[in-house]
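So the sequence shown is numbered by the working numbering: it starts at 11 and just counts up by one. From the three backbone atoms N, C-alpha and C, an ideal C-beta is built for every residue, glycine too. Here the structure is laid out as structure tokens; the discussion comes afterwards.
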Amino acid sequence: MKNKLTIDVLSLFPEMFNGVLGSSILAKAAEKALVEYRVTNFRSYSTHKHQQVDDYPYGGGGGMVLKPEPIFSAVSDLVQKADTDHKPRVILMCPQGERYTQKKAEELAESSHLIFICGHYEGYDERIREHLVTDELSIGDYVLTGGELAAMVIIDSVVRLREGALGNETSAQTDSYSTGLLEYPHYTRPAEYKGMKVPDVLLSGHHQHIEEWRMKESLRRTWKRRPDLLEHRTLTEQEQAWLEDIKSEENN
Ligand code: ADE
């Protein structure tokens with residue numbers, strides 16, 4: 011994961027990316043040369059005299075369809091211009107894609123070249139899906155006006171996993187989902203605010219008790235909010251015992 015990650019985005023609205031890629035961790039990652047963002051308006055790859063990128067669907071019906079040529083040419087050009095020999099992941103943003111998860115973020119963070127294709131029209135010419143794209147991703151079961159916001163969500167979740175992107179190296183590993191559980195509750199000063207107190211154990215200075223409290227609360231939160239996550243995770247004997255405690259505590 012040491013070398014640079016090149017992230018290409020193909021969009022008809024490249025200005026949408028300025029704020030997100032130019033702020034916070036994502037901007038710092040680029041300053042540190044851990045990542046390079048290249049946002050391209052694929053309209054510039056249209057050979058049509060009015061720079062048309064969409065057309066009516068064969069067979070009739072409503073809506074416009076993104077033409078294959080500008081997208082195929084843009085991808086081939088960007089692959090040539092990337093300073094890596096690794097094959098890129100060519101990712102099509104669409105609501106029909108595979109549901110995006112932290113596991114996929116971890117997989118994408120291992121790549122050295124990602125190309126995101128963001129559409130805004132009724133659909134993509136099917137040849138783009140069949141012959142160009144390696145992944146089709148959806149960020150959830152709802153429909154956005156275009157793939158841009160979805161691509162930004164994915165870029166954010168991938169870049170923060172790259173070595174050196176976060177100030178604190180351990181924080182990505184203890185994130186909710188990376189451990190298969192939701193994160194435990196966090197507290198900071200003051201120890202008491204308007205009668206609301208920080209749990210005593212966190213003020214005790216007893217590291218092992220604090221660690222155990224955190225693991226148990228992480229389990230409690232997951233069981234209460236996302237029990238489905240527990241179905242996909244093998245619990246240790248200790249976790250199993252805590253879970254039994256939690257269930258009886260919560261039922262009283
Ligand atoms: N484009 C439109 N809706 C989308 C979604 N839910 N995920 C990814 N891309 C999209």
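Taking the alpha helix (DSSP H) that Lys168 falls in, what are its first and last residues?
Sequence check: residue 168 is Val here, not Lys. For Val168, the enclosing alpha helix (DSSP H) has its first and last residue at Glu158 to Val169.
On the three-state DSSP scale, how would you describe Met225?
helix
Closer than 6 angstroms to a non-hydrogen atom of the ligand ADE - does that hold for the CB of Pro105?
Placement of the Cβ of Pro105 at a distance of less than 6 angstroms from at least one heavy atom of the ligand ADE is found.
Are Thr144 and Arg99 closer than 7 angstroms when you measure CB to CB?
Cβ atoms of Thr144 and Arg99: closer than 7 angstroms.
Count Cβ pairs between the segment 148-156 and the segment 86-99 that sit closer than 8 angstroms; are there 3 or more?
Counting C-beta pairs with one atom in each stretch, the segment 148-156 and the segment 86-99 have fewer than three that are closer than 8 angstroms, which means they do not touch.
Can you give me the start and stop residues for the alpha helix (DSSP H) that Pro98 sits inside?
Run containing Pro98: none; DSSP gives neither H nor E here.
Quickly, what does DSSP pair Tyr194 with across the bridge? List them, please.
Tyr194 pairs with nothing; no bridge assigned.
In whole angstroms, give me the CA-to-CA distance for Leu44 and Phe23.
Distance between the alpha carbons of Leu44 and Phe23 is about 25 angstroms.
When every heavy atom of the ligand ADE is checked, does at least one fall within less than 6 angstroms of the C-beta of Gly157?
yes
Run the CB neighbour count on Leu102, radius 10 Å, all protein chains shown included, and call it buried at 16 or more, exposed below.
buried
Exposed or buried, Thr111, counting other C-beta atoms within 10 Å across all chains shown (16 or more means buried)?
Answer is exposed; the Cβ neighbour count stays below 16.
Quick one: using the 10 Å Cβ neighbour count with 16 as the cut-off for buried, is Pro200 buried or exposed?
exposed
Compute the beta-carbon to beta-carbon distance between Ala161 and Leu154, rounded to the nearest angstrom, for a pair I have assumed lies under 8 angstroms.
Wrong, their Cβ atoms sit about 10 angstroms apart, outside the cutoff.
Does the segment 47-64 come within contact of the segment 184-202, defined as at least 3 CB pairs closer than 8 angstroms?
no
Skipping 5 residues on each side, what residues in its chain have a beta carbon closer than 6 angstroms to that of Arg243?
Gly190
Keeping to the same chain, check which residues put their C-beta closer than 6 angstroms to that of Val163; ignore five residues upstream and five downstream.
Ile149
Quick one: what's Thr50 bridged to in DSSP?
Leu20
Which residue's Cα is closest to the Cα of Gly29: Glu158, Ser54 and Lys226?
Per the Cα distances, Glu158.
Gln250 to Trp233, Cα distance in whole Å?
12 angstroms
For Val56 and Val63, what's the separation of their Cα atoms in angstroms?
A small correction: the amino acid at residue 56 is Ser; Val does not occupy that position in the sequence shown. Computed Cα separation, rounded: 6 angstroms.
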